[in-house]
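Heads up: the structure comes next, in structure tokens.
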Amino acid sequence: MLAGFANQQLARNLARSTVEGRENTVKAFADYVNAFPWQWSAAMVDEWLGDLRSLRDLKHSTIRSYSEAVRAFCHFITDPAYEWSTTCEQRFGTHPIQVVHEWNTAAHVQAGEADPKKRAFTKKELHDFFAHCDDQVARIRAFGRKGWLPAFRDATLFKTAYAFGLRRNETRMLDAADFGRNVAGSEFGEYGLCRVRFGKAKKGSPPKQRSVMTVWDWTRDILEEWFTEIRPLFGADDNPAAWPSERGLRVGCQRLNSRFIVYRKELGLDDAVDFHSLRRSYVTHLIEAGWDPRFVQVLLSPIEGVRDVHHAAGTGGNLRGGGGYLRPSITQIPRRFDACAAGADARFIV
Numbered sequence: 001m002l003a004g005f006a007n008q009q010l011a012r013n014l015a016r017s018t019v020e021g022r023e024n025t026v027k028a029f030a031d032y033v034n035a036f037p038w039q040w041s042a043a044m045v046d047e048w049l050g051d052l053r054s055l056r057d058l059k060h061s062t063i064r065s066y067s068e069a070v071r072a073f074c075h076f077i078t079d080p081a082y083e084w085s086t087t088c089e090q091r092f093g094t095h096p097i098q099v100v101h102e103w104n105t106a107a108h109v110q111a112g113e114a115d116p117k118k119r120a121f122t123k124k125e126l127h128d129f130f131a132h133c134d135d136q137v138a139r140i141r142a143f144g145r146k147g148w149l150p151a152f153r154d155a156t157l158f159k160t161a162y163a164f165g166l167r168r169n170e171t172r173m174l175d176a177a178d179f180g181r182n183v184a185g186s187e188f189g190e191y192g193l194c195r196v197r198f199g200k201a202k203k204g205s206p207p208k209q210r211s212v213m214t215v216w217d218w219t220r221d222i223l224e225e226w227f228t229e230i231r232p233l234f235g236a237d238d239n240p241a242a243w244p245s246e247r248g249l250r251v252g253c254q255r256l257n258s259r260f261i262v263y264r265k266e267l268g269l270d271d272a273v274d275f276h277s278l279r280r281s282y283v284t285h286l287i288e289a290g291w292d293p294r295f296v297q298v299l300l301s302p303i304e305g306v307r308d309v310h311h312a313a314g315t316g317g318n319l320r321g322g323g324g325y326l327r328p329s330i331t332q333i334p335r336r337f338d339a340c341a342a343g344a345d346a347r348f349i350v
């Protein structure tokens, strides 16, 4: 049953991580009720989900994903096309039924379900966090230990995630070739934009892609130092990854989480800030600096068909002080954004 369920999901182009996660959830439910699928009942689901809520205090979205995994599995084994019901009836005298219904599970009625406890860094917290990253590199290097290279890599990775408003996996999946010139932002040299190729995907679809302009004037310096001076020390000449691992192709998510949590605890920050807070801070600080909210939204998640954003020359400024390529007044017309300020023009390239 599980093998067939996995094949069905793979045929729908679902990610292997999704397939494996659902399979593990179904196994966990079967172990909890200590019964075969043809013996399951709705009451068993109620008891299982109730325990998960009361004993493990899982988040609403997690509970719903667990129930959806069991629902999908039951839908598969009760579908006449797969003949599991007939087979079970012949062998065991009973058949599986759908045990997950509208009345015993939560509906997904809200597009965004962010944890309200999570927040962006304050500017002071972000400054302290990046300063702490640099201090750790200097401290480890002063002791003559090799660990300063991974510490430097992670420090630059954290700064890059903030500089372009990237998610964790988007950041770790960057290659060195994903940074390039922006003809209208010559002051950033080879790091005028970042091509994100592993954005958050929709169900059954490949990762979304987008290009994000460089906006902070310090971004060029940190990336130039990393790619020209530090990254070559990893011996990664044949490795395309922007952030190579000591033992593999690229740094893993677990390593980034561990490093982030250690630094957060050392600074005395609460759990309300996590890796994604770097992305939240990017949005918050751009808005506070006077950037148009709609333009910021396009940078984060461009509309369908948009692949790049170009800016007219001569409109740059002190980005940390609130200036930038685009002034705060931007009006939308079909397939084009025009900045009302003189000389500023942003065009969607389809």
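In terms of this note's numbering, the sequence shown is residues 1 to 350.
Even for Gly, the Cβ is constructed at its ideal location relative to N, Cα and C.
These numbers come from a predicted model, not from an experiment.
Considering just the uninterrupted stretch of the beta strand (DSSP E) at residue i, what are its terminal residues?
i	result
S211	210–213
The ligand GDP heavy atoms versus the CB of residue i: any closer than 8 Å?
i	result
A201	As presented, the structure is devoid of all ligands, the ligand GDP included, so that no description of it is given.
Rounded C-beta distance between residue i and residue j? I'm assuming under 8 Å.
i	j	result
G4	Y66	Incorrect: roughly 20 Å between the Cβ atoms, too far for contact.
L149	F234	7 Å
A120	V137	So it is not a contact: roughly 24 Å between Cβ atoms.
F198	N239	With 8 Å as the limit, F198 and N239 do not qualify as a contact, their Cβ atoms being about 17 Å apart.
DSSP has residue i in a bridge; who is on the other side?
i	result
G147	Answer is none; G147 lacks a bridge partner.
D175	A241
R195	S211
G358	The structure shown does not extend to residue 358, since the chain is modelled only from 1 through 350, so no value can be given for it.
Could you please give the first and the last residue of the uninterrupted alpha helix (DSSP H) stretch that includes residue i?
i	result
Y82	Segment: none, Y82 is in no alpha helix (DSSP H) and carries neither H nor E.
Q98	Element bounds for Q98: n/a, residue is neither H nor E.
W48	42–55
N7	2–11
Q254	253–267
D31	16–33
E125	123–142
T284	276–288
T105	Note, T105: premise wrong, no alpha helix (DSSP H); not H, not E.
V296	293–300
E224	219–225
Could you give the distance in angstroms between the alpha-carbon of residue i and the alpha-carbon of residue j?
i	j	result
D237	D221	21 Å
N257	W103	37 Å
Q209	A241	17 Å
R372	D154	The structure shown does not extend to residue 372, since the chain is modelled only from 1 through 350, so no value can be given for it.
S54	K203	30 Å
H276	T284	13 Å
S41	H101	11 Å
L267	V99	47 Å
K117	A28	28 Å
P293	Y263	31 Å
G316	G185	Annotation note: pLDDT 38 at G316 (below 50); position unreliable, coordinate value reported separately. Roughly 7 Å between the two C-alpha positions.
V212	A272	26 Å
L278	M1	42 Å
S205	V196	16 Å
V70	R22	8 Å
Enumerate in chain order the residues of its own chain whose CB-to-CB distance from residue i is below 6 Å, with the five nearest sequence positions on each side excluded.
i	result
F73	F5, V26
M44	V33
A163	W216, T219
L223	Y191
F260	F275
Could you name the residues of the same chain whose beta carbon sits closer than 7 Å to that of residue i, not counting the 5 residues immediately before and after it, in chain order?
i	result
C88	W38, T94, H95, P96
D270	none
V19	A6, Q9, L10
I287	P293, V296
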